[in-house]
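S.K.: Questions regarding the structure given below will be posed in turn.
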């Protein structure tokens, strides 16, 4: 059969090149049985004319389809669907349930959908004044070298390293780099056996909580603190203590006896950005020793410290192995990367690794190797340096605009980071303000999600400068101030 | 200061090019404070002479370091460490715990390290007769197009899609492809809202188990069955029923009343490879309806059905939304990819998604988009076709060798797959045999890990042909037979 050019039409929403769209149409048509072995394809001349694309585009697409054995070529007579082309059975669904007849309320044994997480519109990038936190800045990212590092990770040389299924280890190149280069910068000495790679810091915190906590145990977290952690701890059904936070970080004196694990962000408190001073750190470690609890240190964003030199990690002061350290690469690269790690004594790493194997096996090998390459060649630190420079500039602009418009910063001075923690007048419900600001093109983050939901103030908010151009900050702040 | 060429030495174990090794030495030297701003680098002539590499290699490395601002160039006077080069504080660890003083036995609340998983030596690829299961075959993989698809996923155009942090959705391109092209081939009709992308099938099964089961609920799994699933179900502390398996798959008649969820592999039972006939499928669905349980269908490896046309999925017969379907791309691509999906009614997907957000947020965006591209251009099915052809050939060779040497196949004929399920004489402990075979360069998989550990026979084993060349199969089988 001769396939008519009319069988081809271009989808304006197709993601990819014209050549790829032709490959897509032909291969999926063959797989679905619309085009059959022996069918003759339109000549490149006819198809290019019909689609309004260049003839070479069609020829290149046919060439690719040839090498995947979808097509074969019979010299001057043209291209045909190959007799040995990949085929797939397509089954008509016997039953298409219009609506499920199962009572899911009864079937679902455990619910998780009630958790509160910071929300952002999915088209946040189209807002001009996007004071939202933790998204990659397209203009600062090093696309070129990141792609080169990914390509190398996908090369034939590294194939078995990145494709194998392994539970008992991680990418040795990445673990070596973390041990030799990353951790010393935080004052931490660790052997490879004491490091576990995780699917981002969230996954690291989750794994630690599963191992350390049970329904009969007690955990403490900072209030305000990281909402992703609150969801984790609530799901363990442990007893959860809300620890107070002041200008020096978590206040340990008020912790009740019998607490088993304290989760803290000493270097850069979430969300107020304060750094815990040395004296408080020593005090916290003494308190932990006396009361026999362990500390899970989430060292997120330590790299972005452009204002003051960074303090070493809490774990660097830990002589007992009492501090479990959580780090992340997603913050400085991009959140969709999902790569973090835990540093802890071996008996704990062994359990974390076993649990990780059941839950997800391991973080994808190609991501681990890509990051290892990017780190090893110095691109990572060059990127962090570029980000720090940009963030320092944005912060100066933002501080000026905040002062000019009389907004209130609710934190002491910090070493850096990518946001300000703000307080609106007491009678303001910031969620309503945030809704109104959206219509003006301004995105801010209401702060109640960081607090114990039983007792969350409504007038705090976070203003991040990691995804907003410096030139737009002043106008954005003016718009926010106009709402109070 | 002039940096002497002696500061450079090449590591013969370095993974990467000579140029990259020079970039690594310089960037890490600067970051660690061994080289300081203003220091002059060896000339490309001197350094190339010292290292025994070409001068252009050094020049290219210096050029890359220039663009990352590690170096600056002062015309004819050469290269210097940049005044604004990325720096990092390095802290001496205050405390280096020789051994942790924490009693980890007391601190660890929940243990996971006792699970039994199939083991393989980490250097399995160096064994000539590697009858092990589920590893990617280097010689069949389409490196070229895979890398192109990864490159495209990492392009500027897709940047925000792959880098964003999102909980509430997956890559729309991947989900669309699964709904429109992958599932119809299994006879399944599903809307995007009924699909959740997971970190491999293991992660999909784990998520389902968490939602469906509690300590008060009952699950059934096949015996023998998938050991990764057994670990998952044991960790939920539900009541676990071992369901019998015969030549037609799981035997549902023996299931006790009150079972809440049955986990099965109808299309391709693990590990015996049998396909459940239509009548048994209808019976299983009727039984599920009558006894009000849900079925989790693990449709692993359905694509590798070269011997007979594949049967549609059990879910295609499901008119109630009672079957939860688990699929995977890792089997045909490579296990280290970690990408699978769940198809289920929306109320369940909502809970699975919320749990996934707490545990790991989402599978990395760049992996999702790379697979979407590879699928969309037809490369995936071309790869599966190539694999099927190779596997069909290897299976023929293996069947012949097995017959010639009088080994016993413990399964009925199957539609395909990548392994034979085998039985050694009753008095053989196959683990001992496997140990002896290793010394002969032969890797086989003892079968006890697939059985309920309380009552596991010691004489079953699995012989996979997915990672062994056809030319080596006969000799490998001869060596195995020589042990009985």
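Protein chains in written order, with full-length UniProt numbering: chain A, 1 to 484; chain B, 1 to 484.
Note that beta-carbon positions come from the ideal geometry of N, C-alpha and C, so glycine has one too.
Does the Cβ-Cβ distance between residue 463 of chain A and residue 419 of chain A come in under 9 Å?
M.R.: Contact: yes.
S.K.: Whose C-beta lies closer than 8 Å to the C-beta of residue 171 of chain B among residues of the same chain, with five residues either side of it excluded?
M.R.: Excluding residues within five positions, the ones whose Cβ falls inside 8 Å are 161, 162, 197, 365, 368, 369, 372.
S.K.: So, with DSSP's three-state summary, where would you put residue 10 of chain A?
M.R.: Three-state DSSP puts residue 10 of chain A in coil, outside helix and strand.
S.K.: Taking the C-alpha atoms as reference points, what is the distance between residue 375 of chain B and residue 236 of chain B?
M.R.: Cα to Cα, the separation comes out at about 35 Å.
S.K.: To be precise: take each residue of the region 290-306 of chain B, compare its Cβ to all Cβ atoms of chain A, and keep it if any distance is under 8 Å. Which residues remain?
M.R.: Those would be 294, in chain order.
S.K.: Taking Cβ positions, are residue 178 of chain A and residue 294 of chain B nearer each other than 9 Å?
M.R.: For residue 178 of chain A and residue 294 of chain B, no; Cβs fall outside 9 Å.
S.K.: For the structure I just gave you, are there three or more beta carbon pairs, one from the region 143-161 of chain B and one from the region 458-472 of chain B, closer than 8 Å?
M.R.: The answer is no - the region 458-472 of chain B does not touch the region 143-161 of chain B, with fewer than three Cβ pairs under 8 Å.
S.K.: Applying the 10 Å Cβ sphere with the 16-neighbour rule, what's the burial state of residue 137 of chain A?
M.R.: Answer is buried; the Cβ neighbour count reaches 16.
S.K.: Can you pull the DSSP bridge partners for residue 298 of chain A?
M.R.: According to DSSP, residue 298 of chain A bridges with A:326.
S.K.: With 16 as the cutoff for other CB atoms within 10 Å, does residue 437 of chain B come out buried or exposed?
M.R.: Counting Cβ neighbours within 10 Å, residue 437 of chain B comes out buried, since at least 16 surround it.
S.K.: Could you check the C-alpha separation between residue 47 of chain B and residue 17 of chain B for me, to the nearest Å?
M.R.: Rounded to whole angstroms, residue 47 of chain B to residue 17 of chain B spans 16 Å at the Cα level.
S.K.: Would you check if the region 291-308 of chain A and the region 402-416 of chain A touch, i.e. whether three or more CB-CB distances between them fall below 8 Å?
M.R.: Result yes; three or more Cβ-Cβ pairs closer than 8 Å.
S.K.: Tell me whether residue 335 of chain A sits in a helix, a strand or coil according to DSSP, three-state version.
M.R.: In the structure shown, residue 335 of chain A sits in a helix (DSSP, three-state: H, G or I).
S.K.: What's the C-alpha gap between residue 143 of chain A and residue 275 of chain A?
M.R.: Their backbone Cα atoms lie some 32 Å apart in a straight line.
S.K.: Name, please, each residue of chain A whose Cβ falls closer than 8 Å to the Cβ of residue 181 of chain B.
M.R.: Here the neighbours are 28, 31, 32.
S.K.: Can you find a CB in chain B that lies within less than 9 Å of the CB of residue 385 of chain A?
M.R.: For residue 385 of chain A, the answer is yes, since a Cβ of chain B falls inside 9 Å of its Cβ.
S.K.: Assign residue 275 of chain A to one of three DSSP states: helix, strand, or coil.
M.R.: Residue state, collapsed to three classes: coil.
S.K.: Please report the distance separating the alpha-carbon of residue 433 of chain B from that of residue 129 of chain B.
M.R.: Distance between the alpha carbons of residue 433 of chain B and residue 129 of chain B: 14 Å.
S.K.: I believe residue 6 of chain A touches residue 21 of chain A by the beta-carbon criterion, under 8 Å. Please report the beta-carbon distance rounded to the nearest angstrom.
M.R.: About 16 Å; that fails the 8 Å criterion.
S.K.: Leaving out five residues on either side along the sequence, give the residues of the same chain with a beta carbon under 7 Å from the beta carbon of residue 200 of chain A.
M.R.: Excluding positions up to five away in sequence, the list reads 328, 330, 338, 339, 340.
S.K.: So that I know if they touch, is there some Cβ in chain C lying closer than 9 Å to that of residue 39 of chain A?
M.R.: Absent from the structure: chain C. Protein chains present are A and B.
S.K.: Using a cut-off of 7 Å between C-beta atoms, extract the partners of residue 355 of chain A located in chain B.
M.R.: By Cβ distance, chain B contributes 112.
S.K.: From residue 280 of chain B to residue 250 of chain B, what distance separates their C-alpha atoms?
M.R.: Between residue 280 of chain B and residue 250 of chain B, the C-alpha separation is close to 9 Å.
S.K.: For residue 17 of chain A, name the three-state secondary structure that DSSP assigns.
M.R.: Residue state, collapsed to three classes: coil.
S.K.: Between residue 164 of chain A and residue 52 of chain A, what straight-line distance do the alpha-carbon atoms span, to the nearest angstrom?
M.R.: Approximately 44 Å between the Cα atoms of the pair.
S.K.: Flag this pair as yes or no: are the beta carbons of residue 385 of chain A and residue 408 of chain A separated by less than 9 Å?
M.R.: Result no, Cβ atoms of residue 385 of chain A and residue 408 of chain A do not sit closer than 9 Å.
S.K.: What are the boundary residues of the beta strand (DSSP E) that residue 246 of chain B is part of?
M.R.: Residue 246 of chain B -> beta strand (DSSP E) spans 239-246.
S.K.: Taking 9 Å as the CB-CB cut-off, is residue 367 of chain A touching chain B?
M.R.: Closer than 9 Å to some Cβ of chain B, the Cβ of residue 367 of chain A qualifies, so yes.
S.K.: Listed from N- to C-terminal order along the chain, which residues in the region 217-247 of chain B have their beta-carbon within a distance smaller than 8 Å of any beta-carbon of chain A?
M.R.: For the region 217-247 of chain B, which is checked against every Cβ of chain A, the residues closer than 8 Å are 217, 228, 231, 232, 235.
S.K.: Which of helix, strand or coil does DSSP assign to residue 149 of chain A?
M.R.: Of the three classes helix, strand and coil, the one that applies to residue 149 of chain A here is helix, per DSSP.
S.K.: With DSSP run on the structure shown, which of helix, strand or coil describes residue 72 of chain A?
M.R.: Strand.
S.K.: Given a threshold of 16 other Cβ atoms within 10 Å of its Cβ, counted over all protein chains shown, does residue 180 of chain B qualify as buried or as exposed?
M.R.: That one is exposed.
S.K.: When DSSP labels each residue in this structure, what does residue 250 of chain B get in the three-state scheme?
M.R.: In this structure, residue 250 of chain B counts as strand in the three-state DSSP scheme.
S.K.: Apply the 10 Å Cβ neighbour rule to residue 182 of chain B and answer buried if 16 or more other Cβ atoms are within range, or exposed otherwise.
M.R.: Buried: at least 16 other Cβ atoms inside 10 Å.
S.K.: Could you tell me which of B:478, B:176, B:320, B:127 sits nearest to residue 15 of chain A, measuring between CA atoms?
M.R.: Cα-wise, what sits closest to residue 15 of chain A is B:176.
S.K.: Would you say residue 262 of chain B lies against chain A (beta-carbon separation less than 9 Å)?
M.R.: Not one chain A Cβ lies under 9 Å of residue 262 of chain B.
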